[in-house]
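Asker:
Residue numbers (the working numbering): 65 to 155.
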């Protein structure tokens, strides 16, 4: 029972940590994103980050955000399928 409880607490802590990271990066992206567009090399219109942020910083923050979001979804999905207690062997 204690092992299962410890595993649940570790998993819950991991989910909370990932959720905090996702919220942090989401708010950073909201600050970074501008409302002006510029045409890039491929001819696509792309949002220009607000100063003092650069496009590279925005791309890095977005990559971290997306990766953390995927890990969070994966952690939540694996949590739904966990087995809390092993069946005791029949005697």
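Quick reminder that beta carbons are idealized off the backbone N, C-alpha and C, glycines included.
Would you tell me roughly how many angstroms separate the C-alpha atoms of residue 134 and residue 128, rounded to the nearest one?
Answerer: Mapped onto the chain shown, residue 134 falls at position 70. Mapped onto the chain shown, residue 128 falls at position 64. If I take the Cα positions, the gap works out to 10 Å.
Asker: Comparing alpha-carbon positions, which option in 142, 99, 132, 94 lies nearest residue 82?
Answerer: As a working note, residue 82 is residue 18 in the chain shown. The residue with the shortest Cα to Cα distance from residue 82 is 132.
Asker: Using the C-alpha atoms, what's the distance from residue 137 back to residue 78?
Answerer: Residue 78 sits at position 14 when you count from the first residue of the chain shown. Residue 137 sits at position 73 when you count from the first residue of the chain shown. Computed Cα separation, rounded: 12 Å.
Asker: Note down, in chain order, each residue of its chain lying with its Cβ closer than 7 Å to the Cβ of residue 102, except the 5 sequence neighbours on either side.
Answerer: Here residue 102 is taken as the residue at index 38 of the chain shown, counted from 1. Counting only Cβ-Cβ distances below 7 Å, and skipping sequence neighbours, we find 110, 112.
Asker: To the nearest angstrom, how far is it from the Cα of residue 99 to the Cα of residue 115?
Answerer: Numbered from 1 along the chain shown, position 35 holds the residue referred to as residue 99. Numbered from 1 along the chain shown, position 51 holds the residue referred to as residue 115. Rounded to the nearest angstrom, the two C-alpha atoms are 12 Å apart.
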